[in-house]
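Participant: In the working numbering, the protein residues as written are 19 to 113.
#1: Straight-line CA distance for residue 55 to residue 81?
#2: Using the Cα positions of residue 22 and residue 29, report the straight-line distance between them to the nearest angstrom.
#3: Starting from the C-beta of residue 40, find all residues in its chain whose C-beta is less than 6 Å away, skip the five residues before and the five after it, and write them out in chain order.
#4: On the DSSP letters alone, give me the boundaries of the alpha helix (DSSP H) that residue 61 sits inside.
#5: Going by C-alpha to C-alpha distance, which of 64, 34, 35 sits closest to residue 48?
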């Protein structure tokens with residue numbers, strides 16, 4: 019099976035997702051959050067840095083749960099480019 023290359027928009031969405039995860043993680047270590055989500059720290063590192071811009075749904079869901087983020091708000095923030103620096107803190111406080 020041949021994988022279709024990602025569009026620039028898909029890469030940018032993945033980068034926004036990574037930024038949101040890094041900010042939502044706050045002072046928690048990458049190892050701590052990855053363990054809470056059932057992932058390796060290396061997988062989380064790849065997602066946060068944009069090297070894995072399209073993680074699987076269940077990976078996203080596990081990270082959202084570990085960080086107390088809403089999937090609906092997370093999807094909207096990443097897809098629409100509405101993410102701002104303070105947005106992750108808002109998500110944490112709302113959850």
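Built from N, CA and C at the ideal position, the CB exists for glycine as well.
All values derive from a computational prediction rather than experimental measurement.
Facilitator: This is what the structure gives:
#1: Taking the first residue of the chain shown as 1, we reach residue 55 at position 37. Taking the first residue of the chain shown as 1, we reach residue 81 at position 63. Each residue's Cα considered, the two are about 5 Å apart.
#2: To locate residue 22, count along the chain shown from 1; it is residue 4. To locate residue 29, count along the chain shown from 1; it is residue 11. In a straight line, the C-alpha of residue 22 is about 13 Å away from that of residue 29.
#3: Along the chain shown, read from residue 1 onward, the residue named residue 40 stands at position 22. Result list for residue 40: 66, in chain order.
#4: If you number the chain shown from 1, residue 61 lands on position 43. Element bounds for residue 61: 59-67.
#5: The count along the chain shown starts at 1 and reaches residue 48 at position 30. That would be 64, whose Cα lies nearest to the Cα of residue 48.
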